[in-house]
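Okay, structure first, notes after.
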Amino acid sequence: MVAPTASEPRTNNNGHRLYVKGKHVAFKRGKHTLRPSTSLIKIEGVDDPQAAHFYLGKRIAYVYRGKKEIRGTKIRVIWGKVARPHGNSGVVRAHFKHNLPPKSLGGMVRVMLYPSSI
């Protein structure tokens, strides 16, 4: 089989990616206090706490672009980990190495499918 050239479109659009898309919904909070060390993430296709249990311990990446080029790229990543389910709608709590910035609210995160428990 010959690989398609840049001018030819690919015939099969089954992209193989090692992550599921998620959305940074909010920071964990109480009635008066905001806790930016814990982020609430809504994962695509997860609608109940039982489905959210599959993602416990999985790595999460928030990918963004910086202004300056560092080590040859402007793309930066903040890594985190799924800690536990949150509520009954399939949202999960995640802890990141550095707290996510407020501009990430509503933005996409990548929930990696590793480390695998199956």
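Numbering (numbering that gives the first Met the number 0), first residue to last: 0 to 117. Virtual Cβ for every residue (Gly too), placed ideally from N, Cα, C.
Item: Start and end residues, alpha helix (DSSP H) containing P48; Value: 48-51
Item: 3 or more residues per run - each beta strand (DSSP E) lying fully within the segment 21-86; Value: 33-42, 58-69, 72-85
Item: Exposure of H97, with buried meaning 16 or more beta-carbon neighbours within 10 Å; Value: exposed
Item: P100 to T37 span [Cα, whole Å]; Value: 12 Å
Item: Presumed contact (8 Å Cβ cut-off) between G89 and I42, rounded CB distance; Value: 7 Å
Item: DSSP bridge partner residues for H94 (one or two, in chain order); Value: T37, K80
Item: Cβ contact check for the segment 106-116 and the segment 46-65: 3 or more pairs under 8 Å; Value: yes
Item: I39 vs K27 beta-carbon contact at 9 Å; Value: One point to set straight first is that residue 39 is Leu, not Ile, in the sequence displayed. Cβ atoms of L39 and K27: closer than 9 Å.
Item: Enclosing beta strand (DSSP E) for R109 [first to last residue]; Value: 107-111
Item: Contact check, V81 vs G44, beta carbons under 9 Å; Value: no
Item: C-beta contact flag for K22 and G79 at 9 Å; Value: no
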